[in-house]
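Chains as they are written, first to last, in our numbering: chain A, 5 to 665; chain B, 9 to 494; chain C, 63 to 445; chain D, -6 to 135. C-beta atoms are modelled at their ideal positions from N, C-alpha and C, and glycine is treated no differently. Have a look at the structure below, then the notes.
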Amino acid sequence: MVKEVSVKEIETADTPRIGVFVCECGVNIGGVVNCRAVADYASTLPNVATSVVNKYACSDAGQSEIKQAIKDHDLNRVLVASCTPKTHEPIFRACVEEGGLNPYLFEFVNIREHCSWIHMQDKENATKKASELVRMGISRARLLEPLQSTEVPVTNKALVIGAGVAGMQAALDIADMGYKVYLVEKNPSIGGKMAQLDKTFPTNDCSICILGPKMVEVSRNRNIQLMTYSEVEEVEGYVGNFRARVRHKSRFVDVTTCTGCGSCVQKCPIEVPDFEFNEGIGTRKAIYVPFPQAVPLRAVVDRSVCIDCGACIKACESHSINMEQEETFSDLEVGVIVVTTGYDIYDPEPTNDFGYGIYDNVITGMELERLLNASGPTMGKLVRPSDVRPPKRVGFIQCVGSRDKKRNRYCSGFCCMYALKDAQLIKEKYPDSEVYIMYMDIRAPFRNYEEFYDRARDMGIKFIRGKPGKVSKDTDNSVIVRVEDTLTNNIYNLELDLLVLSVGAVASESSERVRQLLKVSRAADGFMMEAHPKLKPVDTTLDGIFIGGVTQGPKDIPYSVSQGSACAARATRYLAQGKATTEGITVEVDEDICVGCGICVPMCPFQALSLADGKLAIIKALCKGCGTCAVACPTGALQQSHFKNQQLLAQVRSVFTFEGE
Amino acid sequence: MKETIYQTVCPGCGIGCGLYIRENGNGSVSIDFLKSSPVNLGKLCRFGMKLPHYYSDPSSGKVEGLVSGAEEAVKAAASRLKNAGKIAMLSAGNTTCEEHIAFTRIAETLGTVVHTGIPVYPELPSECHPHLEGMPLAEIENAEKIVLFIDPYVQYPLLVRRLLIARRNGAHIISAGTKELHLAHENRDLSPEQYAGLELDSNSVIIADVHPHTDSCHTKQLLNLALETGARIHFMKPFINSEGANRLARDKTGMMGISHIMDEIEKGDIKTLFLLDSDPIELMPDSDRTANALSKLDNLIVISSRDSPVTEIANVVIATESLYRKRGTFINAEGKLRENSGQEVTGIDAMSLLSRELGSEGFEYRQLHGHLHEKMIETLANENRKPEYGIMECAPVQHNGACTLKYLFNPFMWANQPDDNDFVLLNMNMVRSLKLRKGGMVRLDSEKGSMKMRYRVERVPDGMILTARKLQVATGTNTTVKVEGC
Amino acid sequence: MVEIGDKLLGYATNPDVRNRGASGGLVTAVLAAALEKGMVEGVVVLKRIDEYEAIPVITDDVQEVLASGGSMHAVPVNLAKYAVGRKIAMPGKPCDVRGVIEQAKRNGVELEDTYIVGLNCGGAMHPVVTREMLIRMYEIDPEDVVGEEIEKGKLIFKTKDGEEKAISIDELEEAGYGRRENCRYCTIKIPTNADLACGNWGVIGELAGSATFCEVMNEKGKRLLDNAIEAGFIEVQPADEKSIAIREKVNKTMLKLGDEWKGRLLTEIPDQERLAYYIEQFADCIDCGACREVCPVCTCGEDSKCTMFHSLADNYKMSMYHMVRLLHLSDSCIGCGQCSDICPVDIPVTTIFRRFADPAQKKRDYSPGMDLQRPPFLELMLK
Amino acid sequence: MAETEWEPKIVAFCCNWCSYGGADTAGMGRFQQPSSLRIIRVMCSGRIDPMHVFNAFLEGADAVLVTGCHLGDCHYVNGNYKAQVRYQFLEEMVRELGLEPERLQLNWISASEGEKFANFIRDVTAQIKQLGPSPLKPEGVN
């Protein structure tokens, strides 16, 4: 049928009455933008019922002012011009809702990050731009429509990916709060990097001694279902309703019957370098138990080197070895996901940093950990790799792979501390050795860290402030490091038996795979990105997915553990409530206009669209509101709510004015 | 699966575009294109493209608001007409020549005339009427100079095509009207005193339009201009068959302009109005006032092929088939005779019955069609007539307000055809002086009230606001308004 | 039983149909047989109005189908839109078939229900141009014309006095007459995208003029032909090597000529003049929307992005309507020329579309309407 | 009145998760930029409708920027790949129309790349200043 006047704009049932609140944010905005002028300008625009300046719109006082204004001026739209919606939109939406309006009738204009902070020297233009941004917001606000967010039930189970110390902590905390947790670990044993360490700073207590009991605790917790040697393959769904497929790699050993006795290992004729746990310094067999304290303490067969001799099968009294074992899959349904996939140690080999990979006696900090460890390949005896003799002169180079524009710009945070620790351990074991630490500056914040540094100095460890320029080899395989002490301007040619590179942390490949699987954002440093660097350090932009530990960026053990707990606390909120609210912004179709061409259907990455009887059908729960399909729709029948064509076009149009207007 | 196809003309302006209508089994219609129709070569304007909407409301017979059959309606009409006092019969020219002749026969029986053709438009001396007829559009293509007093883009879009051809053929085109036109070589905002400066001669063509609300003074001025310079003058008109109605009514006297008729109805002098496919509520700029006036009638009888505001309030509605299905003939703006391929004649049958009910003879299509041919031989022989009128005096209407709202008579708005002209046009100067906001609206105030409109910036004269849409603040084609940004 | 890939020569068995049809009436007979045997509910035929005008009509009357036929080079309608929502068979030039296939990708047509007998096409003429050409070049009153055919590169008109006049098509086209511009550089001459690809190219010897060369393109084509043979409507025989070679040669020559025309008609406009050119071309647009209405690719209804977000009230230098249409269709414009034909203010819409579509389609190696591969905008080829 | 230097108007479509965040980060890092930019926030670069891009040009934008997450980082699986395909079409159309190619630009900017965002805006603004106002800008509009 004919419409008398073709619909050019969304008809709103009520005439818009917009309240404009221009926030000074103290001097953050007010110091640059003339907020009064912006508010005055806004008050001249159509449909603006009131326009005022707030000192801090997000403060209690500011929010009550907004709520009061909704009543006083009978507002049906609220526009706040302040900071970024990424942090404050939920706050103001809630405020507007408390004021009696649908939360989606709120429009946010960013005049801080996008204006005052980037035009600090140009107050006049900043004010002009702020006015224009507000005008654009008002054009959009006029056309805003109330939306309903929907509540979805939450499956009261959690998935924790990665069983390092952070993941273990998260799993334990969630489990202790009474919820079922699936803890997936790609390695044969849980424990992560911490299990490889010798001692931990600043207390120098044995790493595995404190971690071991926690690992056992994890394995014994009734609420935790441990899935080691397993990887998450697929994840779909949304908060409260994730479905994950986990692949259990074949150990070729029946974990239910294997006792971890090690008879099989003894009989195995194949011996290969142990890269998994001992950084390639020691060896392991083709069938092996990852390390003495492994959880689960079960053998695993490395089929890539196994020669199928059958010696182990004969040795195994419990008949646990099965070379035909196939990998299996589990399909999990969980409400929340915690990602604690950890990191990789920076590998200096490809670029031969400081001769690493060329000279035998240049090693990384992690290799040193294994050399110092009492249950390590040398039984804790420090030797240099070239001739297995104890080194007399040991040097550390700090910031290898970190704080380096050519490598990684960030500080890995823990390398100073572990170098101090290892230096002390060497000094303690071999008091007559000379230990040098070549550093740019020592970073030792937090309790007892600075004291730990002092102690190292007191022990006679020599600190040279300077980054070595050249590393070369002496005839006896000693390493000669040329370094300038920038405090004294002396240039040294240190002759060292062992050079330790204090390498930092980098985002790991397996972590990246999980990140892509879950669609978590990636930060510039390659680690996963939190929702907010300060206020939502373990949340992601995806509801129901949390990140903790070094997955989010380098950190030490206590920090990782507390993040594990934080993840647990954040995640359990959903489990405890049993429900979650999904985004109100979804796609909707005008059936009168839709011609059923189906162009949109393959656009949806979430399979929310389908055709039924020549018309479009939408599964709202699957729709994540990206709006890609709305672009594909040639008729405009498909619209993304809150970002309708009319709303966006109005915003674009109001960018421009007549000259002199 | 079976479709019926009707070759017909577009019932919009008087150009009379050829096209065909597909009617499928369920009665829905779609429009289709002839590629070599002689008038429009298979092309249509934006109104023509929307014809299916026009045909979406076929009329139904009604007596006192209740649906009734044709015979019942005719009888009710007859009994009302028999007892009526002064009867006014109006046919604006929106149906076939044959129906028009039948309507005229009834008028003769009733002892009155059908107000129709040019006389119902502006108040002009009758000797001028023949000169308001159109000229062959092909001749426009061959003119050396063309002066436009209309905005073809808005009012008669298909004329744009002829003008573009003329331009390719070397014509110099001047827009002397209200708006800068893309196709014109010169855009001059001229007052009538300056028309002499156009330097027209017998190879020039003046293109204007004439409709119920044309400023008759300006029409006189244009006729004077044509007379003085020897230029040919072509008038565009609304309705497919206003030209036919005009030619058929040429020897009739005693006709009144439509606004005059409405005045008499308002005064109570006319108590019976009999309409043939003409709706004053759609036609008059001031619809409210017109509807109000019509409510004072004792008898409102309507013959119509489509439902419109007047069929809602009529005492009797005699329904006919849609225009495209009718058997019959039209004369377009250039005097071309066009014929529908449809074969239905319910309108003529109804009028025949009505004639008999009124005590006169009945009639049938062939007879009426024969009469048309006789008449046409007579009037077509008059082509290339010399002017038979002298220079006319006129007193231009003075507008003292700051702004004039000018209604560009859009030949489809009488049919409530949807169009997107929901805006007014004004120039950048006015935008600045009124401090209009981009994307904002203007408020127009007249004695009738006020309304808000979107606006578009165009190169139009200062103080002029153009609209191609009937606005409820309008009191005529030119309305003095106050304008404000809002 | 014929097989997919068969190249045949055939003709209608009914002598009347065989004589009236341009090349043995095979196409007419195949369509009529499909209707007769209930394969389809209707057939699209061109109902002749005069020498220059025919209206596509859907009929379920076998006799009406048999009575249709004959060449009409001056009737450049695209039939794709008439196939929408119906179970029909129709004859089709390559561009008709392309339109139908593009409609099918947008769920406008159920391809399985639409049988198309393709016809070789060297191009069509616009009736208005043809009339003018008759007056100026042939010096014949268009109303006196009773027949028209193309032979050996010449366009021949027959008058009611029994006279014939022939002028070479090259000469006509140099003078600005002859085929529509888009036909001159069209790249598909043999409708290999149809179910059957028919035409008189390659029909030689005694069969010349009384048989049709027919290639079976797919399963539907096989069904059509088998049905017509079984119903006794047609007879076929295998085409010999020579016929096949000649058909291919004609095609190659036509395509080569097409390339030359393309070079001449789509000459590059200098960068700095292009925007002004487009603005000027669209400036007279009267916003009728006919170009959209006739487009055989577009499936939108009355409301769509090009109309809903375009307003006459906007003071733009170029209309949003045309920009959105260019955007939505430049990946799948088939260059059929309907939009140019219909434009009431003579905007060269097709030429403009080709300027955008040619490079876009070439770059993506996509030829719309030739197979079921979806156009880039529908598919958004990922990775 | 002093002649002030012409400042272009640049419309940028930013996705909520990355490039809008990049603009925020630029602000947090106080990376100073010309005041030419007007950001339209959408949830995903896949929501950036070429129709809106054209509309921005017709309204008077001197340049239009299409921005989103780095490829592979889309919050909605692959919206930015779709944006990229659409952008390529737009780019070709803009070139064919005869608009200078600098007036339409694509950039993937993550939420952490504040400095990159600011540099991008500075560069584009400088390029557009060189070119002058868009030839599609309606008269009397700025």
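- Contact holds between the stretch 242 to 252 of chain A and the stretch 330 to 339 of chain A, because three or more Cβ pairs, one in each stretch, are under 8 Å apart.
- Straight-line spacing of the CA atoms in V122 of chain B and A636 of chain A works out to 57 Å.
- The three-state reading of DSSP puts K460 of chain B in strand, counting E and B together.
- Counted as a single uninterrupted DSSP element, the alpha helix (DSSP H) harbouring D76 of chain A occupies residues 64 to 76.
- Going by DSSP, H92 of chain A is part of no beta strand (DSSP E) but of the alpha helix (DSSP H) stretching over 89 to 102.
- The C-alpha of L345 of chain B is placed about 6 Å away from the C-alpha of F338 of chain B.
- Neighbours of R169 of chain B in chain C, taken as residues at a C-beta separation under 8 Å, are given in chain order as P406, V407, D408.
- Of all residues in the stretch 644 to 660 of chain A, the ones placed with a Cβ closer than 7 Å to any Cβ belonging to chain B are R657, S658, F660, in chain order.
- Residue nearest to C18 of chain B within the set B:L172, B:Y62, B:S36 is B:Y62 (criterion: CA-CA distance).
- The distance from the Cβ of Y144 of chain C to that of I117 of chain C is about 10 Å, inconsistent with a contact at the 8 Å cut-off.
- When Cβ-Cβ separations below 7 Å define contact, I70 of chain A makes no contact with chain C.
- Its chain contains P94 as the residues whose beta carbon lies nearer than 7 Å to that of R88 of chain D, once the 5 sequence neighbours on both sides are disregarded; these appear in chain order.
- Nearest to G417 of chain A by alpha-carbon distance, out of A:R374, A:G508, A:R459, is A:G508.
- Close CB contacts of F610 of chain A within its chain, under the 7 Å cut and outside five residues either way in sequence, are with L626, C627, K628 (chain order).
- Selection B:I241, B:P246, B:L231 evaluated against P220 of chain B yields B:P246 as nearest (Cα-Cα).
- DSSP links Q81 of chain D through a beta bridge to no other residue.
- Residue contact check for M436 of chain B against chain D: a CB pair falls below 7 Å.
- Chain A has no Cβ within less than 7 Å of the Cβ of R387 of chain C.
- By the Cβ test, the stretch 51 to 69 of chain A is in contact with the stretch 21 to 35 of chain A, since at least three Cβ pairs between them sit closer than 8 Å.
- Think of a sphere of 7 Å around the beta carbon of L440 of chain C: the chain A residues whose beta carbon falls inside it are I603, in chain order.
- Using beta-carbon distances, G640 of chain A counts as an interface residue toward chain C, with a partner under 7 Å.
- Taking 7 Å as the cut-off, the beta carbon of R168 of chain C is found no closer than this to the beta carbon of C29 of chain A.
- In this chain, the beta strand (DSSP E) harbouring C27 of chain A covers 22 to 27.
- Note that the C-beta distance between G548 of chain A and S564 of chain A is not below 7 Å.
- The bridge partners DSSP lists for S224 of chain B come to none.
- Within the stretch 178 to 223 of chain B, the beta strand (DSSP E) runs of at least 3 residues that lie entirely inside it are, in chain order, 180 to 183, 212 to 217.
- When DSSP states are grouped into helix, strand and coil, Y453 of chain A belongs to the helix group.
- For I218 of chain C, the closest alpha carbon among the candidates C:E236, C:T192, C:R242 is that of C:T192.
- Within the model, the alpha-carbon separation for M244 of chain B versus G101 of chain B is close to 13 Å.
- Here D501 of chain A is buried, its C-beta having at least 16 other C-beta atoms within 10 Å.
- Here I197 of chain C is exposed, its C-beta having fewer than 16 other C-beta atoms within 10 Å.
- Assignment of H536 of chain A by DSSP, reduced to helix, strand and coil, places it in the strand class.
- By the rule that beta-carbons nearer than 7 Å mark a contact, A419 of chain C does not touch chain D.
- Under the Cβ distance rule, L374 of chain C does not count among the residues neighbouring chain D, no pair being separated by less than 7 Å.
- M44 of chain D and Q425 of chain B have their C-alpha atoms spaced approximately 28 Å apart.
- Y440 of chain A is positioned such that its CB atom lies closer than 7 Å to that of I468 of chain A.
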